[in-house]
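> Okay, so the sequence shown: first residue is 203 according to my numbering, each after it adds one. The beta-carbon is built from N, C-alpha and C at its ideal position, and this holds for glycine as well.
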Amino acid sequence: MSEEDVLELLELFESNGIEVWVDDGWGVDALLGEQTREHSDLDIALRHKDVGKLREIIAARGYKPIPRDDTRDCNFVLGDDAGRQVDIHSFELDEQGNIWCGLYC
Numbered sequence: 203m204s205e206e207d208v209l210e211l212l213e214l215f216e217s218n219g220i221e222v223w224v225d226d227g228w229g230v231d232a233l234l235g236e237q238t239r240e241h242s243d244l245d246i247a248l249r250h251k252d253v254g255k256l257r258e259i260i261a262a263r264g265y266k267p268i269p270r271d272d273t274r275d276c277n278f279v280l281g282d283d284a285g286r287q288v289d290i291h292s293f294e295l296d297e298q299g300n301i302w303c304g305l306y307c
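(1) To the nearest angstrom, how far is it from the Cα of K266 to the Cα of G281?
(2) Which residues mark the beginning and the end of the alpha helix (DSSP H) in which S217 is found?
(3) Tell me the DSSP secondary structure of I268 in three-state form.
(4) I'd like to confirm something about V224: is its beta-carbon nearer than 8 angstroms to some heavy atom of the ligand MN, or not?
(5) Is it a yes or a no for the stretch 262-279 touching the stretch 216-232, going by three-plus beta-carbon pairs under 8 angstroms?
(6) Where do the ends of the alpha helix (DSSP H) carrying E240 lie?
(7) Between the alpha carbons of Q298 and G219, how many angstroms are there, rounded?
(8) Does the beta-carbon of D243 have 16 or more other beta-carbons within 10 angstroms, so that it is buried, or is it exposed?
(9) Measure the C-alpha to C-alpha separation of V288 and C276 and round it to an integer number of angstroms.
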């Protein structure tokens, strides 16, 4: 997945009011301020309440579920015909702001 692909998706999410956190490879590169290697996917985390909206807007771009053994409601992968993939982890927060479901379930 190219830097341009990542930026396009992040802009799409932001313009639709979906707050996401980039993690794994692209997250590390963002912290370093440069792309350090090729990335096969974009890993993101988001609030579980936004999953339906994200699925809807990304499906309009040709992304479909990629079957995997570890797929669950809070962890799934969507991909398009060009081979781009988004690895999605959703979560909820408790009253203190701690993650209580999703990423670590």
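In short:
(1) Near 5 angstroms, if we compare the C-alpha coordinates of G281 and K266.
(2) Taken as a continuous stretch (DSSP letters only), the alpha helix (DSSP H) holding S217 covers 205-217.
(3) Residue state, collapsed to three classes: coil.
(4) Inclusion of the ligand MN in the displayed structure is not the case, the ligand content being empty and no account of it being possible.
(5) Result no; under three Cβ-Cβ pairs closer than 8 angstroms.
(6) First-last for E240: undefined, no H or E at that position.
(7) Approximately 23 angstroms between the Cα atoms of the pair.
(8) The residue is buried, with at least 16 neighbouring Cβ atoms inside 10 Å.
(9) One alpha carbon belongs to V288, the other to C276, and they sit about 13 angstroms apart.
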